[in-house]
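Numbering (this note's numbering), first residue to last: 27 to 888.
Note that CB positions come from ideal geometry on N, CA and C, so glycine has one too.
Just so it is clear, the structure is predicted and the values come from calculations on it, not from any experiment.
Comments concern the structure below.
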RNA sequence: GCGGGCGUGGUGGAAUUGGUAGACACACGAGACUUAAAAUCUCGAGGCCUUUGGCCGUGCGGGUUCGAGUCCCGCCGCCCGCACCA
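Written out as C-alpha cells, the structure is:
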C-alpha cells in the first residue's frame, strides 16, 4: 500500500501555490467578498500549537469561501511592539528590533510550513515604520478632532528599574522584576476619550450590529462599560478650614436619600488629603488603605474601616447634619469618589454603620411586610417595595420614588440626574522604548505642538543594545539625545520630543483596516478599505474579549469620523476558539516532565529513560512551566502539516478546549493515508468519466450517489456553522461509504469520479496538501485550491420512502418503511398491522395513534 | 455576592432543537494477513437479565407531554467572567 509522502507533497504544493499566487486577495467586482481574519500573533519566537488551531479554523473558512465563489482576503502579520522584546534585550544584549525581526522570520517560515492560505503580499508588522508612521498620522487626526486628551494620571513607578509598570507587573505592591515597593507617581499622560463613545459602544451590543458575536463576549463588554443611571449631587459642608463648601457624590439610589446616615469619601479624595495635612493619624490611615487596597482577593475579606472627619454635611430634605468619614471601601475611580450611605439598603454601608454605631433607617418596606416592627438586622434590603420614613415620597413604590427624588434635587439646584460609566478613558502613554512614538513636541514657549504631518513618521531612534541593560527608558537618556532634542515647529526654538510611546493595544486597534488597504501616504484608502471591511469572520482567543475588541470597535468609530472607514463595527462575526491542552506528568521528585520524556501505556505513564512510573497530572493549557508543550514543528515532521491541522479541529467543537494526544494525531494521519490510498486506486478517474450522469443508473449506484450528496449537504452546512468536528465526522463517514468503487463502465466511471472529486474537495480545507495530491492523481483541472465546492443535488437528498420509528406507549417497538406520500391513515394501518406492534397492543384498546410524517408513529393504548 | 455557561459510555464528543440516545473518533476486545511483531484490513461493544426477547439508562428529585438528553420547578457538582461600581 502506498503511503502519503507528506513532506514531499507539502513542499511541492506550497511552491505551486506560491508560483500561482493563488491566495492573493483581489476584488473581481462580480464575486462577493469575504474577509476572514485571525488575531495576529506576538512574535515571541515560535508558533504555538494554539496558533495552529486558531489559523486552521480561519484557513478552513478561507479555503471554503474561496471554493464557494467568494473573493477572499485572508491576511497575516505580527503584533510586534511590546515589552518582551525589551526584556529579551536586557537578557541577551540583542536590540529589541533585531530580536523581533528575526523571530518574525522564523515564525513566518513555520506558518508557511503548515500551508495556510495567507495573502503574504499584505504581511505587516506593527513595528514597521510604514505601519506606525501611519498610526502617528491617525493620532494627530484624532488629536485635531478632539478625540484625545491630556490629563494627569497615576502610574505604578518602580524606583529601582526606574520605569512604569503595568498593573499586572505589580505583585503584592512590589515590582515583578526588582522586588522593590512600587510608588504611585503622577504623570501627564495621553488619553483616548473612549467614555464619550460608551453609549454607542453599548448600544451596538444590543441593536443587531453585533448579532454575529457570542453572547458571553457581549455580556463581558456590557459589564466592562458598566453603565448606570443615577444622581450626582452636592451636600453643603459644615466645619472649620474647609477647602470646599460642598461635597459632590454620586448615587444610583436617590430614592433612599431619607435613609442617609453618613457621607463617605475615598482615601485619596481631596477632602481626605486636605485634613490629612494637619492630622498625622488620618495620614497614617490613608496610607494603610492604599497599601492594602490593590491586591485582588484581599479586597473581598477587607474589613470596612473608616476615619471620622471634623465636618458634617447637611441633608437635602431635612435638618440633619450627617457625619463624614474617610472609608476604605470607597473607590476613587468610580463616580465622584464620594457617596452618601444608606445602611438599611446597602450591605457595605450597613457593615460600616454597625461597626461605627451609626443610625440605620429603613426607607423601603418590602412588599407584603408590615411596617409595624419592620427592622433591618444584618442584611441590607435591596429589593423592591414601598417608601416609608421618606417625607414626600412616603407611599410611593421605590421605582417611582427614584425619579421623584431626582426631580426634587434638580428643582432645589443641588444636583442632577446623570449617567455614569465604569469604563475609564484609555490611557495610552507608556514610558517605554519599543513602541510607537507619540508624535508631539514639547516647547517651553508653545507648550505641546503636534508634529506637522509632513514631518512624519517620527522614527524610533536606533539605540545600542546595552541601553536596555540599564534601568529606565533609553529615549530619555543620552543615547537618544539627538533624536529627542529638536526644534519647535511653531516658533523654531529649542524643543524636546515626547519620549513616551503608545500602548501596544493601539497598534492592534486598526491593523484589520491596514490589511485591507496599505497606501504609502495615509493610513488606509477609504474606498479600498470599504470594499473589504467589515471583517466577515474574526477568530481569536477569549482573552481579548474585552480590551482589544473594545478598543478596535472604538478605533473604527474614530476612523469613520475621519473619513477612513464607512463602518463603525469592524468585526461582523466573532468566534472565540478554545485552547489546546495536554496532560501533565510529574516524576517522583515532583518535577514536571515533558511528553517526549514519557511513554504512556494504557492509564499509566513511564519515564522512557529508566522506565520508572510517573504520575499523570491534570490536563491543562500548554505552558512552559508545566512542560506540557508540544511543538507544532516536531508534530509536522512526524505526522505532516495536514494531520495536525485536521486533528486540532477534529476532536472537540472549536469553541471548546481540545486535548492534544499522540493517538489523536495518529488517527488523523491514518485518515490521510486512507484517503490517499483510495484515490491512488483510480488514477485519472476525473478525466476518463462522462461529463454528466448517465441515465438509468442501477440502484446501488443511486444509493452511492445519495451517500455522497448527503455528505456534501451536511459538510457544507457544518463548515458554514463552524462545526468543524462534525464536518470531520462526516468525512470519515463518507470515506467509509466509498468501498467497492469501480470504473468498469460509464455509470461506474461517473459515480466514482464524482465521489472521489467531492471527497477531495471537501478534504481540501482541512488537508490542503493531501487534496492537491489527490486532485492531481484524479486528473482534475488546475489546482484543487481553485476548484469549485461540490454541490449537493436536491433530488438525491430526498427519497420516495421514509422509515418511521413505531412506538407503543412511547417505547420503540419497530420500524416501518413506507412511501413518503402515504396518507396518515395508511401509515396508521400499516403500523398497527406490524407483528412487533401487535404483541403489545393485543387485548388492549387502541386509544390514539399519533403520526408525525417523516419521524414517528406512536400508538397509545389504554 | 452578581452575571454567563455546562453536566450524555472507559475517553473526546454526536443527536435535524420535543421524535430511533451514544453518529464519528480515541482507547479496548476478537478475527484476517504474517515465521513473528508492527502496520493494515474486517468485525464487536452503554448497563443488567431468564439473550429469536425484555428491563434500565443522558448529575439527583419532581412535573408537563402520546413522547423529554432537549421544556418547567427544586437540589447537587463543575467551569468562566466581573467583583467593595454606591
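When the Cα atoms are used, residue 788 and residue 569 turn out to be separated by approximately 32 Å. Under the three-state reduction of DSSP output, residue 525 falls in the coil class, being neither helix nor strand. Shown here for residue 177: same chain residues with a beta carbon closer than 6 Å to its own, the five before and five after excluded, namely 217 in chain order. In the DSSP assignment, residue 550 is bridged to no other residue.
Contact between residue 781 and residue 764 holds, with the beta-carbon distance rounding to 6 Å and staying under 8 Å. Put simply, the backbone Cα of residue 273 is about 9 Å away from that of residue 362. In the structure shown, residue 749 falls within a coil segment according to DSSP collapsed to helix, strand and coil.
By the neighbour-count criterion, in which a residue is buried when 16 or more other Cβ atoms sit within 10 angstroms of its Cβ, residue 758 is exposed. Residue 648 counts as buried, since no fewer than 16 other beta carbons sit within 10 angstroms of its beta carbon. Using a Cβ-Cβ distance cut-off of 8 Å, the stretch 426-445 and the stretch 247-256 are in contact, since at least three pairs of beta carbons, one from each stretch, lie closer than that value. Excluding the 5 residues flanking it on each side, residue 838 has same chain C-beta neighbours closer than 7 Å at 831, in chain order.
Beta-bridge pairing by DSSP links residue 351 to 290 and 334. Partner residues in the beta bridge of residue 443, as assigned by DSSP, are 257. Residue 226 and residue 447 have their C-alpha atoms some 13 Å from each other. The alpha-carbon separation between residue 693 and residue 795 amounts to approximately 17 Å. Cβ neighbours of residue 549 within its own chain (closer than 8 Å, five residues either side excluded): 160, 161, 163, 164, 536, 539, 540, 585 and 590. The beta carbons of residue 449 and residue 250 sit closer together than 8 Å. Counting the other CB atoms within 10 Å of its CB gives residue 242 a total below 16, which places it among the exposed residues. The continuous beta strand (DSSP E) containing residue 566 extends over residues 563-567. Under DSSP, the beta-bridge partners assigned to residue 366 are 289. Pairwise C-beta distances place the stretch 455-474 in contact with the stretch 93-110, as three or more of them are shorter than 8 Å. Measuring C-alpha to C-alpha distances from residue 296 to each of 115, 270, 281 and 287 identifies 270 as the nearest.
Ranked by how close their Cα comes to the Cα of residue 206, the residues 220, 221, 601 and 190 have 190 in first place. Assignment of residue 648 by DSSP, reduced to helix, strand and coil, places it in the coil class.
When the Cα atoms are used, residue 618 and residue 489 turn out to be separated by approximately 40 Å. Apart from sequence neighbours up to five positions away, the residues of its chain that approach residue 685 with a beta-carbon distance below 6 Å are 607 and 645, ordered along the chain.
For residue 835, the number of other beta carbons within 10 angstroms of its own is below 16, and it is reported as exposed. Note that the C-beta distance between residue 85 and residue 147 is not below 8 Å. Closest by C-alpha distance to residue 546, out of 748, 150 and 130, is 150. The beta carbons of residue 792 and residue 754 sit closer together than 8 Å. Contiguous alpha helix (DSSP H) elements confined to the stretch 576-662 do not occur, taking only those with 4 or more residues. If you compare the alpha carbons of 246, 221 and 768 with that of residue 231, the shortest gap goes to 246.
Beta-bridge pairing by DSSP links residue 419 to no other residue.
In the structure shown, residue 110 falls within a helical segment according to DSSP collapsed to helix, strand and coil. In this structure, residue 453 lies near residue 179, with their beta-carbon atoms less than 8 Å apart.
A Cβ-Cβ distance of about 7 Å is found for the pair residue 815 and residue 90, placing them in contact under the 8 Å criterion.
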